[in-house]
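Student: What follows is a single structure, and I will ask about it in a moment.
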């Protein structure tokens, strides 16, 4: 149950950071969609370790294999699509100290408290490696949204610690995002972000920041009125990502400084179409899309693994210390960008199908 | 589907702001729990319109009736509990202008875009009146958490526009929250907040702010590792509340200004118990509770209905203007407090039962 | 959870045989469907006690009220529809002996074993009174199927004990079913059935039989390939009805006497349409409709309440005897007919929407 | 969605008869259960083609690999368990004629009608090969039921065409079932069944029959009162198996020949325990287990693939004929036995966890 997401376009992920691999089942995909590994691999490459000097040097090719659900002619059959990525560069020895000690601000202790057992190598299921399945499934969702609904999904790094990029959600392009290794489309800010991350890594420390997500072209009417509001499902999707600690949609936390008169988005009509003159609602009103650009921000905390001695406890509940070792990200943000895109796409494609079912 | 929440302790709400009433079905409640209307009414009274000078003067007694699921001896039977609250003070005439015009930053337009039809009186299902069912069901959830698991749930107003209250999540008491009509336990800040809200209301304007939610006594091990992380389910729960635009857990958006070394919560052990010396994780690590106080913040935008002329469009997509009328809240925060508590309790009781099922 | 049925067109029933009433929430109903109590009441009248001399004389008008989900213009809003039927003729005193004794072959003991508590008056939630909500919701489902998809749902009594009616599932009409009080369209058999039921009732005994369900006009392509096969969902729907002990689709149990060569349905094509020359598949192949008439049979055991002393035990697990009292059905079949229709319609409308979502 | 089964112990199967393999994700498994391939392989061997002279000679070793969810010490982690079986002996050429023609009484036409595309080799997802995942997951469910709840699950062939075995559900042993290749514990009947199947196979024909399922040691109180009755979930589970056309629980269809007085199971108490003197209820009353042996019968139609020319249509809807080729089962029953056991175990373990969650 806990490993499935979505009502109609439903994914189920499996796999630990060490072991046979990681994967995902995509159930409910519309039939007759052209689909091959080439549609999926690019997003996995954007998520992959070792892709640049500011992410973990761990070497995983993360090559996806489609195991089921595709016809001999390369089209979706409508039946479950199984995607599998083999684990390659898993060095359990780097984690041997973790066998007996809980890493601070990681999930080691809570998994142990929950299950009475844990996969201590690489964090097991709590590892960001689990997101391979999400990104792979998200690539399919993005393709459907693009081809069948004209919806474009993007995400980018908006802020690293105190460095903020200036980006226009209505106009930003994928090529601008991919123009630098930190995935911030504001080139000047990106340069400063990269230098900060390198400095922080050299100090054996880590840093967090904000990823902004954008969906353009979503027609008015997607989303559900009460519990499954579009914002609610996006919030859940984002907070389900490792290290994510916050979500805000449209004006978000900043919007509370305005009064209602200042905050409201005026409706206007032109050529039989309705639009708003501002977009503090972030494209969603009452949980349902209004046709404007959907945008939101997600906060990712600094990575918990630092190369310094830290106070912690053993599995026997004795006080001890632990120093991070192995190959880790000094900052998750560049690799979080495709994850945010994937989760956004999974939420939207599900609501697209739900809208078709009830009101189509 | 869209009107149900929870996997094992599942609620389904129904009803519009105008019509026969609003209600909720609670399915999956443990049997043999003493339960009467007296357990539920107090939270409805905290949510009720007309309770103070800073909320809408609309008059609804919001008297709850238990329609099913209780034995003659006043105990839960384990079968669905139906709770019903009659609508009393619905004045459709106050909304007649809304029949043809969409209120800015409300859900009028998006409902129409979605369904091709809408209940224009009082916003129908998008009205905050829908939360009656949540608060009623949440009162049952709170009772179970308190009596069976020793968990205490609280929420309070943390911020109104720029006025911030100083509150300690580990120590705050219900009596301090209920000590003033704005429900901010910092008495000095509360006074300023109340004055601000009165001033804003006199200007025909509205204002937003932050509600902080707290859960104390949650044992380590609740929550699920991947999609149904405790933070993810709380985020969804909060963003599903009307006017909520943001959620952050523990250090939240502020945490990104710290480095990993500064941000991590050190584990310590004492008398065979594990605790953390700081709580930037907000009581949740890897989506699972760690035994510390759970706390989070939710942003509520300023109420969209203002008593001023605003640009908007008609149902025929013609430009027009609309001026708010009727009886509205200048600030939702005091009434949002029991809603945040209710949604917190619904998330936690569901995860408590899920933990019992799989690992108990 | 246990009280909800359906994925997209989802109903949730509530209420006990004694208490405030019984009801149902219908969530996911398409918007803009003309709907009033007059669409629902006729099926409730067919289910109602006291409708004829061969059913229980208990007096319930079973008048349905729509509590939510309908616009002022009498159309569905797309939001949850709450239907409520008040309990009227509940005489708890007739059940006083049941307070301490478990009725044989009823659910008294199993509810007590499960919950440690039970609503002993009238069987509480295990009473067939719960099906009021199903029949009411089913009337909406039937209307959608009829108006939007051209699908007709019928059920009728096929067999009472050893008396078997001859009925053609492809041709039978509602008027033939409603032509007599036992709801068997074979008039000659119906006469014998009625006489048998009267005789059995006079003996203080009860009798069971078979209801056959039919769906005509279902297009090829509804149903899911693996777990949610149309037959599987119909089987679950039927076995969830009180007193139902068996389900068979198409050739069913009788089909095992044939060889594969004899059993197979040959495909033929005519004017660009595919059909089968026989219909042993009962309109479903591989769990998916093939365009032929769907038909199936459901076995209802003899009613457990008989007016004779029977061996049983007390709530304190002492041996005792119990003699049925009160007003009971000598045979559930005439009243089971609208229940079978309702459950059939609920399964089909759900799959219609699912098909629209994924493949439409 | 359609490929998942269960609420708390949830399985998701994937894979076609031709392609990379077939598999299953088991989510919600309790942690710390000793588990290896050796716990699963024996049931797969019972389901495997080529196991005897009366089943298809297709050669598949069906060797299961555990891909995730197990600790280095061989225990379940509580996270999803992925089980994978490679396809080995897939000869697409044997199916080339099926590329353009629909096999009668198979799912070829309905899949095409549903999805507009189909995996014509081996029936794709409609192939009984999909049940590999169910049997593998069911082996885990059986182990949990046996070790944690003392529940024993068995199934056996009760009838092949007109040959009926005499078996006592309360006493039958696994060794008696496995004593012959047709899996009928009545040795004399088994001999006649085997001879019939061989004769039928030599005629290029096929035959069906009945598998009876048994669960012993289920405590009173499992199952849900309304839609998720134990019988309802078992019925769905069975009808979701390929070729299954009927389900009956306890007295089933035969029970309708009795009156209520004859049919009722009298309760008796002895040493503080309640039991029934007969078991026409089949261990389930009101959808909830009563502590007696659960038993039910499932009808499997004769296999649709026969080695004779049959009338059918092409994918272009032209009349044609088709003669079965390739390697097929003359009778599915011996291989259906482990499938029935698996589905029974999956239903029961799910209800065991649900009972623990709500009432435990």
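Residue numbers (my numbering), protein chains in the order written: chain A, 623 to 982; chain B, 623 to 982; chain C, 623 to 982; chain D, 623 to 982.
Glycine residues also receive a C-beta, built at the ideal position from the N, C-alpha and C atoms.
Quick caveat, the model's predicted, so the values are computed rather than measured.
Pull up the DSSP beta-bridge partners for residue 645 (chain B), would you.
Tutor: B:636, B:706
Student: What separation, rounded to the nearest whole angstrom, lies between the Cα atoms of residue 731 (chain B) and residue 915 (chain B)?
Tutor: 40 Å
Student: Is it buried or exposed, residue 788 (chain D), if we count other Cβ atoms within 10 angstroms and call 16 or more buried?
Tutor: exposed
Student: Taking the alpha-carbon of residue 884 (chain B) as reference, which of A:650, A:897, A:783, A:687 has the nearest alpha-carbon?
Tutor: A:783
Student: Tell me, to the nearest whole angstrom, how far the beta carbon of residue 705 (chain C) is from that of residue 763 (chain C); I am working on the premise that it is less than 8 Å.
Tutor: Not confirmed; about 12 Å, so no contact.
Student: From the DSSP output, in three-state form, read off residue 866 (chain B) for me.
Tutor: strand
Student: With respect to the alpha helix (DSSP H) encompassing residue 821 (chain D), which residues constitute its N-terminal and C-terminal limits?
Tutor: 809 to 824
Student: By how many angstroms is the C-alpha of residue 957 (chain A) removed from the C-alpha of residue 670 (chain A)?
Tutor: 7 Å
Student: State the Cα-Cα distance for the pair residue 889 (chain B) and residue 933 (chain A), rounded to the nearest angstrom.
Tutor: Whole-angstrom Cα-Cα distance: 6 Å.
Student: Near residue 965 (chain D), what residues of its chain come up, given a Cβ to Cβ distance below 7 Å and the 5 sequence neighbours on each side ignored?
Tutor: By the criterion of a C-beta distance shorter than 7 Å, residue 965 (chain D) is surrounded in its chain by 756, 760, 859, 860, 863, once the five residues flanking it on both sides are discounted.
Student: So residue 803 (chain B) and residue 674 (chain B) are supposed to be a Cβ contact under 8 Å. How far apart are they, rounded?
Tutor: Between residue 674 (chain B) and residue 803 (chain B) the Cβ distance is about 4 Å, and since that is below 8 Å, they are a contact.
Student: Taking Cβ positions only, does residue 778 (chain B) come closer than 8 Å to chain A?
Tutor: no
Student: So which of A:943, A:920, A:896, A:921 has the shortest CA-CA distance to residue 930 (chain A)?
Tutor: A:943
Student: So, does the CB of residue 932 (chain A) fall closer than 8 Å to a CB anywhere in chain B?
Tutor: Using a CB distance cut-off of 8 Å, residue 932 (chain A) counts as an interface residue toward chain B.
Student: So residue 895 (chain A) and residue 739 (chain D) are in contact, right, with Cβ under 8 Å, and what is the actual spacing, rounded?
Tutor: With a Cβ gap of about 36 Å, residue 895 (chain A) and residue 739 (chain D) do not count as contacting.
Student: Considering only the beta carbon of each residue, do residue 847 (chain A) and residue 909 (chain A) sit closer than 8 Å?
Tutor: yes
Student: In chain A, which residues lie less than 7 Å from residue 854 (chain B) when you measure between Cβ atoms?
Tutor: Neighbours of residue 854 (chain B) on chain A, chain order: 858, 861, 862.
Student: Please list the residues of the region 871 to 890 of chain A that have a C-beta atom closer than 9 Å to any C-beta atom in chain B, keeping them in chain order.
Tutor: 871, 872, 873, 874, 875, 876, 877, 878, 879, 880, 881, 882, 883, 884, 885, 886, 887, 888, 889, 890
Student: Please classify residue 938 (chain A): is it buried, with 16 or more other beta-carbons within 10 angstroms of its beta-carbon, or exposed?
Tutor: Flag for residue 938 (chain A) reads exposed.
Student: In the DSSP assignment, find the unbroken beta strand (DSSP E) run with residue 935 (chain D) in it and report its ends.
Tutor: For residue 935 (chain D), the enclosing beta strand (DSSP E) covers residues 931 to 935.
Student: With 7 Å as the limit, tell me which residues of the region 939 to 953 of chain A have their beta carbon closer than that to any beta carbon of chain B; keep them in chain order.
Tutor: 939, 940, 941
Student: Between which two residues does the beta strand (DSSP E) containing residue 724 (chain A) stretch?
Tutor: Here residue 724 (chain A) belongs to no beta strand (DSSP E), and DSSP marks it neither H nor E.
Student: Excluding the five sequence neighbours on either side, which residues of its own chain have a C-beta within less than 6 Å of the C-beta of residue 973 (chain C), listed in chain order?
Tutor: 844, 845
Student: Using only alpha-carbon positions, find the residue among B:733, B:684, B:765 that is nearest to residue 754 (chain B).
Tutor: Nearest of B:733, B:684, B:765 to residue 754 (chain B), Cα basis: B:684.
Student: Residue 981 (chain A) to residue 770 (chain C), Cα distance in whole Å?
Tutor: Distance between the alpha carbons of residue 981 (chain A) and residue 770 (chain C): 12 Å.
Student: Looking at chain A, is there any beta carbon in it that lies within less than 8 Å of the beta carbon of residue 956 (chain C)?
Tutor: Cβ-Cβ to chain A under 8 Å: no for residue 956 (chain C).
Student: So, does the CB of residue 736 (chain D) fall closer than 8 Å to a CB anywhere in chain C?
Tutor: Under the 8 Å criterion on CB atoms, residue 736 (chain D) is classed as interfacial with respect to chain C.
Student: From residue 827 (chain D) to residue 950 (chain D), what distance separates their C-alpha atoms?
Tutor: 10 Å
Student: Hey, is residue 764 (chain D)'s beta-carbon within less than 8 Å of any beta-carbon in chain B?
Tutor: no
Student: In chain order, what residues of the same chain have a beta carbon less than 6 Å from the beta carbon of residue 709 (chain D), not counting five sequence neighbours either side?
Tutor: 643
Student: Under a CB-based cut-off of 8 Å, is residue 631 (chain D) close to chain C?
Tutor: no
Student: Indicate whether at least one CB of chain C lies closer than 8 Å to the CB of residue 908 (chain D).
Tutor: yes
Student: How is residue 698 (chain A) classed by DSSP in three states: helix, strand or coil?
Tutor: strand
Student: Which residues of chain D have a Cβ atom closer than 7 Å to the Cβ of residue 720 (chain A), listed in chain order?
Tutor: Within 7 Å Cβ-Cβ: nothing; residue 720 (chain A) doesn't reach chain D, min ~13 Å.
Student: Residues of chain A with a CB under 8 Å from the CB of residue 651 (chain D): which are they?
Tutor: Those within 8 Å of residue 651 (chain D) in chain A number zero; the least Cβ separation is about 11 Å.
Student: Once the 5 residues before and after residue 796 (chain D) are set aside, which same chain residues still bring their CB inside 7 Å of it?
Tutor: Closer than 7 Å at the Cβ level, and outside the excluded window around residue 796 (chain D), lie 776.
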